[in-house]
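Undergrad: Anchor point for the sequence shown: position 253 equals 253 in UniProt numbering, and the numbering is continuous, going up by one each time. No residue lacks a Cβ here, since even glycine has one placed at the ideal position from N, Cα and C.
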Amino acid sequence: MSMDGLPPLRAVIESHGLQAKKSLGQNFLLDLNLTGKIARAAGDLTEAAVIEVGPGPGGLTRALLFSGARRVIAVERDERCLEALAEVSNHYPGRLEVIAGDALKMDFASLAGAASGGPVKIVANLPYNIGTELLIRWLTVTEWPPFYASMTLMFQREVAERIVARPGSDAYGRLGVLAGWRTEAKIAFDVPPQAFTPPPKVTSSVVHLVPRASPLPAEVKKLGRVTEAAFGQRRKMLRQSVKSLGGEALLIRAGIDPTRRAETLSVEEFVRLTNSV
Ligand code: SAM
């Protein structure tokens, strides 16, 4: 038995035949100390409803429940995992709801709404093939403040660096502008490949994002168009890269030197540029 009174994850994987599938981005965490560390990075969970994407055999799910999460709502696409997750649910009566389905088709705001009372926190060891897509969706929700109080998410280190990147760095791009505009994002800690079964090729990082109470006002779609144009030709001067949006005249209107390059602009300047289009 593990410290939570459930069988060790290796035994769970074996008894339910949960050999990892690459197509589903399955790299499992079997060390409950590590999953406990991820749960702690999400802060106090005792009042929280946690939304987890991709519980798999349930390692992180168990850590979240063991850390006292009031409720966990977990969305899993791989039906092979459902039996193992039902055992976790029985062990923590009334606290774990497993939704079988594709996270890309979920309305997370409604899921959160149904878990009323207390803050909603998103915590996940995301499948790498859909991680960025989900993060962008959560960062660009229309309602602000959003339905979640924080997000604590595992990414490949290279993606994590793009999320927390500041102007002037090579990693700074559309993702950094979006995350920096609406949240305060930081890398909590790195996780080496050997911590996963099977090990991925690269190091991973847990990123913790907290929504800003009042991000500078900007229209999210327009900001997307501006950053797409600006970073689409990141080595070029802005007067060239944002030509289709108004070029030099637009930049002068926004009070930005047209000879600058996208990677030198702060988030505030991107917002100003967006609001001048
Ligand atoms: N949380 C487990 C852990 O930490 O060991 C598993 C993490 S594994 C990196 C990603 C999980 O996401 C897998 O269980 C996989 O089946 C699931 N998954 C992949 N694509 C999904 C999707 N579109 N919707 C929901 N879950 C998905």
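(1) Measuring alpha carbon to alpha carbon, tell me which of A213, L104 and R70 ends up nearest Y92.
(2) Verify whether the separation of the beta carbon atoms of A185 and I163 is less than 8 Å.
(3) Just to confirm, is the Cβ distance from D102 to R77 under 8 Å?
(4) Can you tell me whether DSSP reads R212 as helix, strand or coil?
(5) Report whether the distance from the Cβ of N27 to the nearest heavy atom of the ligand SAM is below 7 Å.
(6) Under 7 Å from any heavy atom of the ligand SAM, does the C-beta of N125 make it?
(7) Enumerate, from N- to C-terminal direction, the unbroken beta strand (DSSP E) stretches of 3 or more residues contained entirely within the stretch 140-181.
(8) Determine the direct distance from the alpha carbon of Y128 to that of Q194, and round the result to whole angstroms.
(9) Taking C-alpha atoms, which residue in T152, P215, T264 and G168 lies nearest to T140?
(10) What are the boundary residues of the alpha helix (DSSP H) that includes V271?
(11) May I ask whether a heavy atom of the ligand SAM can be found less than 7 Å away from the beta carbon of residue 281?
(12) Please indicate yes or no: does the CB of E79 lie closer than 7 Å to some heavy atom of the ligand SAM?
(13) Given the structure, does V75 come close to the ligand SAM, in the sense that its CB is under 7 Å from one of the ligand's heavy atoms?
(14) Looking at C-alpha atoms only, which residue of I252, V120 and V210 is the closest neighbour of E47?
(15) Cα separation between S15 and S169?
(16) Would you kindly report the start and end of the unbroken beta strand (DSSP E) that includes V120?
(17) Whose C-beta lies closer than 8 Å to the C-beta of E263 among residues of the same chain, with five residues either side of it excluded?
(18) CB V226 to CB V277, shorter than 8 Å?
(19) Does DSSP put R71 in a helix, a strand or coil?
TA: Here's the rundown:
(1) Taking Y92 as reference, the option from A213, L104 and R70 with the minimal CA-CA separation is R70.
(2) Their beta carbons are under 8 Å apart, which means A185 touches I163 by this criterion.
(3) Going by beta carbons, D102 and R77 fall inside the 8 Å limit.
(4) DSSP places R212 in coil when its eight states are reduced to three.
(5) Yes.
(6) Yes.
(7) For the beta strand (DSSP E) assignment, the uninterrupted runs of no fewer than 3 residues enclosed by the stretch 140-181 are, from N- to C-terminal side, 150-156.
(8) Looking at the two C-alpha atoms, the distance is approximately 16 Å.
(9) Of the candidates T152, P215, T264 and G168, the one whose C-alpha sits nearest the C-alpha of T140 is P215.
(10) Note, V271: alpha helix (DSSP H), V267 to S276.
(11) Residue 281 falls outside the range modelled here, since the chain spans only 1 to 277, and no answer is possible.
(12) No, since every heavy atom of the ligand SAM falls outside the 7 Å radius drawn around the Cβ of E79.
(13) Yes, the ligand SAM has a heavy atom inside 7 Å of this Cβ.
(14) Of the listed residues, the one whose Cα sits closest to E47 is V120.
(15) Going by the C-alpha atoms only, they are around 47 Å apart.
(16) Note, V120: beta strand (DSSP E), V120 to N125.
(17) Answer for E263: P167, G168, S169, D170, Y172, G173, F231 and R234, listed in chain order.
(18) If you check the CB distance, V226 and V277 come in under 8 Å.
(19) Strand at R71.
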